[in-house]
Amino acid sequence: MSDEHWYEDETGPMVRPYAVTGGRTRPSTRLTLDLMSYVTAVDADCAPAVDHARARVLALLRGGSRPVAELAADADLPLTVVRVLLGDLAEAGLVRIDPPRRAPVGPHADPELLREIAARLREL
3 MSDEHWYEDE
13 TGPMVRPYAV
23 TGGRTRPSTR
33 LTLDLMSYVT
43 AVDADCAPAV
53 DHARARVLAL
63 LRGGSRPVAE
73 LAADADLPLT
83 VVRVLLGDLA
93 EAGLVRIDPP
103 RRAPVGPHAD
113 PELLREIAAR
123 LREL
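Numbering-wise (our numbering), the sequence shown opens with residue 3 and increments by one.
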């Protein structure tokens, strides 16, 4: 698979998002896809032929599990499109979607670090 994008920076997408998802705006399965749900490729090297957008998502997962929001950003696709694609890939058994990982609780949690992260997010 080529690492080229299927859009041009100056003109935008060559294929509109609704065409990538077949006009669907929701996953075909009853998945709960939180922004921070973790997605893991399941034997992506043996994946059957999938279209460019789904192959791109699988390629991004080769490095390991990633949150849905990160996948959408790195694939440079709208979140709604990524959710539909992930639903298709999960239905085909090519990805596993796990609930969001919880922040550490108890003596290992660093409240000062969390305050600093929140402050920097506000700066954005």
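Heads up, the beta-carbon is just placed ideally off N, CA and C, and yes, glycines get one too.
_Distance, Leu35 Cα to Val84 Cα_ = 10 Å
_With a threshold of 7 Å on Cβ separation, who are the neighbours of Asp112 within its own chain once the five nearest residues in sequence on each side are excluded?_
none
*Sort Glu114, Ile119, Arg104 and Arg56 by Cα distance to Asp78 and report the nearest one.*
Arg56
*Exposed or buried, what is Ala120 when buried is set at 16 or more other beta-carbons lying within 10 Å of its beta-carbon?*
exposed
_Val41 - DSSP class collapsed to helix/strand/coil_ = strand
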